[in-house]
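Just so you know, full-length UniProt numbering puts the end of the sequence shown at 110, numbered straight through with nothing missing.
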Amino acid sequence: MNIWIEGLVSFFLLAGSLFAFVGALGLYRLPDFFMRLHGPTKSTTLGVGGMVIASLIYFGARGEGISFHELLITLFLFITAPVSAHMLAKAAMQQKLRINENTSGKPWDQ
């Protein structure tokens, strides 16, 4: 395999892994539910997207073509992540979860 293809695949794998790590770290470290919600929905989605792009490049360069499975993973990821985040946020607002004083956009009085 060409060294440039290997470098590109390595770049996307490392970038995707970094985004996934930052998302997991944000989920662990941020102080309240609404801040924690951004970790898995934003950066982890980009992380998995980077890994899927690396997989597309790798298997495309090997001559096997673009896999239908990789396209389905991308489609389902970008559809389900925002919908689940929205539903979780709406449920948390209905339950009036306690929020940190640094959280902006307070929808109710604490």
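All C-beta atoms, glycine included, are put in the ideal place defined by N, C-alpha and C.
This structure is a prediction, so every number in the text was calculated from the model and none was measured.
- The segment 38 to 106 contains, as complete alpha helix (DSSP H) runs of 4+ residues, the segments 44 to 61, 68 to 95 (chain order).
- A contact between stretches requires three or more CB pairs, one per stretch, nearer than 8 Å, and the segment 84 to 91 fails this requirement with the segment 46 to 66.
- In summary, L37 is buried, with 16 or more beta-carbon neighbours lying within 10 Å of its beta-carbon over all protein chains present.
- In the DSSP assignment, L27 falls within the unbroken alpha helix (DSSP H) covering 3 to 29.
- Non-local beta-carbon contacts of T41 in its own chain, meaning distances under 6 Å to residues more than five positions away in sequence, involve A81, A85 in chain order.
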